[in-house]
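Some notes on the structure that comes next.
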């Protein structure tokens, strides 16, 4: 790799756990420009290196940690990284992102990405420092929770300020929605990447570095940083309360899921609001690398639900998943559930929705006290919810079944249980009701990983600030009612959705209030490559199409682009009692969206579009 490369080291570390061999690969300049990073690195590796229908927990699966061109630059939002593999939860394309400091530290340590293959004979961890890497034994760490592992790694490496990506016992036991936890509180939760690490007997990745790659125009990045910090002041509620700042507003609108998405209004929303949690248990806010927003809570809680404060506090998805969606009004129980997930390594969304599924099964008699070991697993029973959550980690009792996810559990239980699993492609829905946000409904149904609330666009009724002004200036964003599902909504999803998908290539933060002009400036300042809005959009579209090709290869079809039956039924309470997703309209809008992406009516990318995107290689 030529040394005039900017924004990248031009080095990818490949690790064979089966043989213990490590070597460095140098991607071509064309590859970097074509795919940028993050999702681009992940999906191309999976398509090129893995056979169809592989076992996600087998040695042939690849586990990829990927940064992007902006990772580690002095810019708010530049602390994220991506982790990808074939998902053990969905058996489709799997990808998860996390904030914090790990991604920037990996870049400082001399690598743009890691590709990990095989299965280690015994548990190991990967230690990387300033361009050097080695595998070390981790048998003594196996079984430890995340905090104890983090402490032990600091002691035995002698590195006080290292950064870690760790699995807890849930990952070791290959819970299908196990997470990868970074520095105790920054989590790559979705699609079960922790289970892939556990299957590979990789307890942790530890990174320490001091050398970012050179930047083409660092002074421009500093100017953009000052501008973005100024715009942050428009997000005062997030600054103070985190992403759960709007729980009570969402409750009034019908966006807050209640009792496994049955209902649309939670009487106790004020008791579990972010304001209530911060006022009573909060000790401050913390953030990610180079970021002044600090959107994440720190909490302290003593007593029977006592938690370790270093695990952070619950944000919106977690509060809703373990709170309203399980009928739980006790904020202490929600805080404890969050700590259990971070301590043992679980995705809070899938865990919470799987529990709400089990609660409804219990109330309908599909599960009985014999199945629950005597627990009264009704909505609102916080102690029973926490007990079953622990069982998911240990694989005991009902937890053994639920550890495979609610879609699998529904198949095993059969009958009416299948209609109670709130999943798409086998992954549980996020905490944004598709009946209110019908643009999100379309995105949930089509997205390759299953329902993802971050890489899709929030309906324009809920978008404010500089991004809306920016999109309005190029005539692709307008105030469309959130419950509308129409061609103009599809157009908005296509254009604005590409922008959100781009974040997964840049591996950049969803909350940074940048405009498309500013992000073009940032990428060009980092890399030195002439950058245009069109070029970035094509990168995002390239990634969407390649993810689709991976899923098609694994046997997924248009029939898998669906929503739970419940989304076609109105909520039982709240403001959306007369609103539902119309299946026929959803199907028609899916076909329109396929056409905009250059896919045929069955959702298969056409040869013309693949050649237009300059990705002809999957054709062969």
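Residue numbers (my numbering): 32 to 651. All C-beta atoms, glycine included, are put in the ideal place defined by N, C-alpha and C. No experiment lies behind these values; they were computed from the predicted model shown.
Residues sharing a beta bridge with residue i, DSSP
{"i": "residue 43", "result": "56 and 144"}
{"i": "residue 159", "result": "164 and 238"}
{"i": "residue 635", "result": "DSSP lists no partner for residue 635."}
{"i": "residue 112", "result": "129"}
{"i": "residue 520", "result": "Residue 520 is not bridged to any residue."}
{"i": "residue 530", "result": "DSSP output for residue 530 lists no bridge partner at all."}
{"i": "residue 124", "result": "117"}
{"i": "residue 630", "result": "636"}
{"i": "residue 194", "result": "238"}
Residue i classed as buried or exposed, judged by whether at least 16 other C-beta atoms fall within 10 angstroms
{"i": "residue 642", "result": "exposed"}
{"i": "residue 56", "result": "exposed"}
{"i": "residue 534", "result": "buried"}
{"i": "residue 96", "result": "buried"}
{"i": "residue 123", "result": "buried"}
{"i": "residue 44", "result": "buried"}
{"i": "residue 93", "result": "buried"}
{"i": "residue 144", "result": "buried"}
{"i": "residue 579", "result": "buried"}
{"i": "residue 87", "result": "buried"}
{"i": "residue 128", "result": "buried"}
{"i": "residue 630", "result": "buried"}
{"i": "residue 645", "result": "exposed"}
{"i": "residue 489", "result": "buried"}
{"i": "residue 174", "result": "exposed"}
{"i": "residue 209", "result": "buried"}
{"i": "residue 592", "result": "buried"}
{"i": "residue 281", "result": "buried"}
{"i": "residue 112", "result": "buried"}
{"i": "residue 400", "result": "exposed"}
{"i": "residue 650", "result": "exposed"}
{"i": "residue 603", "result": "exposed"}
Start-to-end residues for the alpha helix (DSSP H) that takes in residue i
{"i": "residue 472", "result": "469-477"}
{"i": "residue 399", "result": "Here residue 399 belongs to no alpha helix (DSSP H), and DSSP marks it neither H nor E."}
{"i": "residue 456", "result": "That residue, residue 456, is in no alpha helix (DSSP H); it is neither H nor E in DSSP."}
{"i": "residue 449", "result": "Careful: residue 449 lies outside any alpha helix (DSSP H) and carries neither H nor E."}
{"i": "residue 79", "result": "70-80"}
{"i": "residue 666", "result": "The shown model of the chain, from 32 to 651, leaves out residue 666, and the question about it has no answer."}
{"i": "residue 368", "result": "362-375"}
{"i": "residue 383", "result": "379-394"}
{"i": "residue 179", "result": "177-188"}
{"i": "residue 346", "result": "Premise fails: residue 346 is in no alpha helix (DSSP H) and is neither H nor E."}
{"i": "residue 432", "result": "430-433"}
For residue i, the nearest candidate out of the options (CA to CA)
{"i": "residue 396", "options": "447, 569 and 385", "result": "447"}
{"i": "residue 241", "options": "316, 163, 485 and 383", "result": "163"}
{"i": "residue 176", "options": "366, 131, 234 and 208", "result": "234"}
{"i": "residue 166", "options": "48, 456, 277 and 337", "result": "48"}
{"i": "residue 587", "options": "90, 604, 477 and 511", "result": "477"}
{"i": "residue 272", "options": "326, 220, 224 and 288", "result": "326"}
{"i": "residue 223", "options": "369, 201, 521 and 217", "result": "201"}
{"i": "residue 251", "options": "620, 565, 648 and 549", "result": "549"}
{"i": "residue 536", "options": "100, 298, 286 and 153", "result": "100"}
{"i": "residue 339", "options": "429, 371, 295 and 552", "result": "371"}
{"i": "residue 319", "options": "487, 257, 520 and 102", "result": "102"}
{"i": "residue 153", "options": "189, 119 and 51", "result": "51"}
{"i": "residue 35", "options": "584, 348 and 558", "result": "558"}
{"i": "residue 299", "options": "358, 332 and 337", "result": "358"}
{"i": "residue 375", "options": "584, 434 and 354", "result": "434"}
{"i": "residue 149", "options": "161, 107, 603 and 81", "result": "81"}
{"i": "residue 624", "options": "601, 168 and 472", "result": "472"}
{"i": "residue 213", "options": "180, 416 and 351", "result": "180"}
{"i": "residue 226", "options": "378, 333 and 83", "result": "378"}
{"i": "residue 518", "options": "135, 464, 485 and 627", "result": "627"}
Residue i CB to nearest heavy atom of the ligand COA below 8 Å
{"i": "residue 56", "result": "Annotation note on the ligand COA: not contained in the displayed structure, which lists no ligands."}
Residue interval of the beta strand (DSSP E) (run including residue i)
{"i": "residue 414", "result": "Here residue 414 belongs to no beta strand (DSSP E); instead the alpha helix (DSSP H) covers 413-425."}
{"i": "residue 95", "result": "94-97"}
4 or more residues per run - each alpha helix (DSSP H) lying fully within the region 538-620 = 547-558 and 564-584
Report the residue ranges of all alpha helix (DSSP H) runs contained in full by the region 275-342; include only those spanning at least 4 residues, in chain order.
-> 278-284 and 305-312
Only counting runs of 3 or more residues, tell me where the beta strand (DSSP E) segments fall wholly within the region 198-267, in order along the chain.
-> 211-213, 217-219 and 233-239
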